[in-house]
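Worksheet for the structure shown next.
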Amino acid sequence: MGTVLAQDDETGKRKRGIRRTAIAFGLIALFFYLGFIVLMVLRGSK
Amino acid sequence: MAEQHAHAADHADHDHKPHGWRRWVYATNHKDIGTMYLIFAGTMFFIGGAMAMIIRLELFKPGMQFVDPQFFNSMTTLHALMMIFGAVMPAWTGLANWMVPLQIGAPDMALPRLNNFSFWILPFAFLLLLSSLFVPGGAPAGGWTMYPPLALQNGASFPMLIFSIHMMGVSSILGAINVVVTIMNLRAPGMSLLRMPLFVWTWLITAYLLIAVMPVLAGAVTMLLTDHFFGTTFFTAAGGGDPVMFQHIFWFFGHPEVYILILPAFGIVSEIIPTFSRKPLFGYEAMVYATASIAFLSFIVWAHHMFTVGMPLAAELFFMLSTMLIAIPTGVKVFNWTTTMYKGSLTFEPPMLFALAFLFLFTIGGFSGLMLAIVPADYQYQDTYFVVAHFHYVLVPGAVFGIMAGVYYWLPKWVGNMYDMTLAKWHFWLSAIFVNVLFFPQHFLGLAGMPRRIPDYAVQFTDWNMVSSIGGFAFGLSQFLFPYIIWKCVKSGQRVTTNKVWEGAHGLEWELPSPAPYHSWQEPPSDAVIARGAFH
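Top line first, the protein sequences correspond to chains S and G.
Under my numbering, the residue at position 22 of the first sequence is numbered 22, and the numbers go up by one with no gaps.
Take any residue in the second sequence, note its place counting from 1, add 46, and you have its number in my numbering.
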């Protein structure tokens, strides 16, 4: 029983790790996508 | 051995894999998705190759022969887009799908459904791009770089181009996120970062590059789209915009893209050379740091693609010197590959032959890159066939030979059969000879002043164009051997009876039966297995 719980804990930790890494890199991609457009808008509105 | 094989067969019986079309459309297994990526990449390689044949046919002799100039320009544009985004990048993603989980002891990719989505976007993206050949005004013809204002003059094909680029970008970004997440979270216990095979390392760094620069390309083409349809003037001088700014943004994506295409090849060559030299890789950690340095430098060299647009002297010097700096980590790699072979017990099976050709011919492409980096000289070379020769040396005997080396290296592990060695060596020698007949004369043409992207040329360029075209046709024809060899291997190749297909191979993939079971590493490999398969 104890082993099963430990495994569940491990799986849960891994799932959280996967979710966190995926979201972090998704946000980085979004930042690069919008970043240049925002920069160009700012440059154009000067 | 027989026991291992029986074990593999036993595994195959209990695969529980779906059958029929559902297996592929709903695929979440990394091996199935990897196979689909590779088949897709192969198909695009032949379609893009057919476009190259049209280009070489038209350039066989001066004067207009077969196609009109607009169609010729569409061929150069589509050939580039198909080969870069349709053939080489999906081939790397296919190899990553197949090999990364096997090499790090993971049961699958971390995000299998996202993996399916990443793949299935691609056929629609390229269907859209290719269907632009049939709309009024023809397919995009302004070059794959899509420089405004020329690109904005495209007809109905323009939004199709932009949308297909967006889809390719989304597919690449999602694929890259999947690779990073898998490597960060699903490595077997004991598989530390500095124990990972170099193919995994180079792919991890490639994935970082993809996540950083593909959105930049998407941003740039979004701005082109709004300039064209929504009255913005990001790149339109008449409205206060700056067309040169597009070039800066495009090459901020474009130069790292070059390394996206080549870094996984560095990884594959770093696996193949030790295997067939029967020696550990010389300087494993130096290879990792060199790869990371190349990736970092790739972000600060972009303007060497556009020296002639005019920029301050300080900027020209900066981009010239930063570009030359890339020769140092690249030199470290070439030195380490060479030193790995030194006093090794070398044999020359097809993967090793392709890896060696890569080593020699990619280096030629690297040297012509250094020549192009020199600002005053670049004023002479800019937009000539010298540039065409340079990047084709990097991408064909570089990236494409890297992919072929990888397929010949891992194919027996994938299908459990050995391919026809004699035919594979024929494939190698024909490719290696004719790739040089095809591209080496283009250096001479460029130095003599022949511009790129033209369907007709002055008569003094005739001889080398004829040689180049003959090389092109022979290279193109010899590529049909590749799918035939693979097909023959799958259908009737000699059974492989060992886990370790190649005597000198190291790595977790060689601890699995051949063919690799449909579900592998359900239980992570033990420390002892990881240590036995450790890369160095």
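Quick reminder that beta carbons are idealized off the backbone N, C-alpha and C, glycines included.
At the level of alpha carbons, what is the spacing between Asp114 of chain G and His125 of chain G? The residue labelled residue 114 of chain G in the question sits at position 68 within the second sequence. The residue labelled residue 125 of chain G in the question sits at position 79 within the second sequence. Those two C-alpha atoms are separated by around 16 Å.
In whole angstroms, give me the CA-to-CA distance for His53 of chain G and Pro559 of chain G. The residue labelled residue 53 of chain G in the question sits at position 7 within the second sequence. The residue labelled residue 559 of chain G in the question sits at position 513 within the second sequence. Annotation note: pLDDT 47 at His53 of chain G (below 50); position unreliable, coordinate value reported separately. Roughly 8 Å separates the two Cα atoms.
Let me confirm a value: Arg16 of chain S is counted as buried when at least 16 other C-beta atoms fall within 10 Å, else exposed. Which label applies? If you number the first sequence from 1, residue 16 of chain S lands on position 16. Exposed, because fewer than 16 other Cβ atoms sit within 10 Å of the Cβ of Arg16 of chain S.
Going along the segment 209 to 239 of chain G in order, which residues come within less than 7 Å of chain S, judged by CB to CB distance? Ile219, Ile223, Val226, Val227, Met230 and Asn231
What is the DSSP secondary structure of Gln540 of chain G, reduced to helix, strand or coil? Position 494 of the second sequence holds residue 540 of chain G. Gln540 of chain G falls in the strand class under three-state DSSP.
In angstroms with no decimal places, state the Cα-to-Cα distance between Phe280 of chain G and Trp348 of chain G. In the second sequence, counting from the first residue as 1, residue 280 of chain G sits at position 234. In the second sequence, counting from the first residue as 1, residue 348 of chain G sits at position 302. Phe280 of chain G and Trp348 of chain G: Cα-Cα distance of roughly 20 Å.
Would you report the Cα separation of Leu39 of chain S and Phe31 of chain S, rounded to the nearest angstrom? Counting from 1 along the first sequence, the entry for residue 39 of chain S is found at position 39. Counting from 1 along the first sequence, the entry for residue 31 of chain S is found at position 31. Straight-line Cα distance between these residues: approximately 11 Å.
Runs of alpha helix (DSSP H) lying entirely within the segment 127 to 194 of chain G, each at least 4 residues, in chain order: 135 to 150 and 158 to 177
Run of the alpha helix (DSSP H) containing Lys63 of chain G, from where it starts to where it stops: As a first step, residue 63 of chain G is located in the second sequence; it is residue number 17 there, counting from the start. Where Lys63 of chain G is concerned, there is no enclosing alpha helix (DSSP H), given that its DSSP letter is neither H nor E.
Tell me the DSSP bridge mates of Asn511 of chain G? Locating residue 511 of chain G in the second sequence gives position 465, where the first residue counts as 1. The partner list for Asn511 of chain G (beta bridge, DSSP) is empty, contrary to what the question assumes.
Short Cβ contact (8 Å threshold) for Ser178 of chain G with Leu196 of chain G: Looking up residue 178 of chain G in the second sequence gives position 132. Looking up residue 196 of chain G in the second sequence gives position 150. Cβ distance not < 8 Å, so Ser178 of chain G and Leu196 of chain G don't count as in contact.
Does the segment 72 to 84 of chain G come close enough to the segment 316 to 326 of chain G that 3 or more CB-CB pairs lie under 8 Å? no
Buried/exposed call for Gln540 of chain G, threshold 16 Cβ in 10 Å: Translated into positions along the second sequence, residue 540 of chain G becomes position 494. Classification of Gln540 of chain G: exposed, given that the 10 Å Cβ count is below 16.
Gly140 of chain G versus Gly188 of chain G - alpha carbon distance: Position 94 of the second sequence, counting from 1, holds the residue named residue 140 of chain G. Position 142 of the second sequence, counting from 1, holds the residue named residue 188 of chain G. Distance between the alpha carbons of Gly140 of chain G and Gly188 of chain G is about 30 Å.
Evaluate Lys13 of chain S with the Cβ neighbour count: other Cβ atoms within 10 Å of its Cβ, from every protein chain shown; 16 or more gives buried, anything less gives exposed. The count along the first sequence starts at 1 and reaches residue 13 of chain S at position 13. Under this definition Lys13 of chain S is an exposed residue.
With DSSP as the reference, label Pro570 of chain G as helix, strand or coil. What you label residue 570 of chain G is simply residue 524 of the second sequence in a count that begins at 1. Correct three-state label for Pro570 of chain G: coil.
Residue span of the alpha helix (DSSP H) that contains Thr354 of chain G, given as start and end: The sequence position of residue 354 of chain G within the second sequence is 308, counting from 1. It is not in any alpha helix (DSSP H) - Thr354 of chain G carries neither H nor E in the DSSP assignment.
Within chain S, partners of Ala283 of chain G - CB distance below 9 Å: On the second sequence, residue 283 of chain G is found 237 positions in, with the first residue counted as 1. Going along chain S, no residue has its Cβ under 9 Å from Ala283 of chain G, so there is no contact; the nearest lies around 12 Å.
Note down, in chain order, each residue of its chain lying with its Cβ closer than 7 Å to the Cβ of Met370 of chain G, except the 5 sequence neighbours on either side. For the purposes of this step, residue 370 of chain G is identified with residue 324 of the second sequence, where counting begins at 1. These residues qualify, in order along the chain: Leu416 and Ala419.
Closest Cβ-Cβ distance between Ala137 of chain G and chain S: below 8 Å? Stepping through the second sequence from its first residue, residue 137 of chain G is reached at position 91. No, no contact with chain S.
List the endpoints of the continuous alpha helix (DSSP H) containing His76 of chain G. Within the second sequence, residue 76 of chain G is the residue found at index 30, counting from 1. Its alpha helix (DSSP H) spans residues His76 to Glu104.
Rounded separation between Leu343 of chain G and Leu239 of chain G - CA only: Translated into the one-based positions of the second sequence, residue 343 of chain G becomes position 297. Translated into the one-based positions of the second sequence, residue 239 of chain G becomes position 193. The straight-line gap from Cα to Cα measures roughly 22 Å.
What number of angstroms, rounded off, separates the C-alpha of Asp573 of chain G from the C-alpha of Met155 of chain G? Position 527 of the second sequence, counted from the start, is the residue given in the question as residue 573 of chain G. Position 109 of the second sequence, counted from the start, is the residue given in the question as residue 155 of chain G. Asp573 of chain G and Met155 of chain G: Cα-Cα distance of roughly 21 Å.
Using the beta-carbon count (16 or more within 10 Å), is Thr430 of chain G buried or exposed? Within the second sequence, numbered from 1, the residue matching residue 430 of chain G stands at position 384. Buried.
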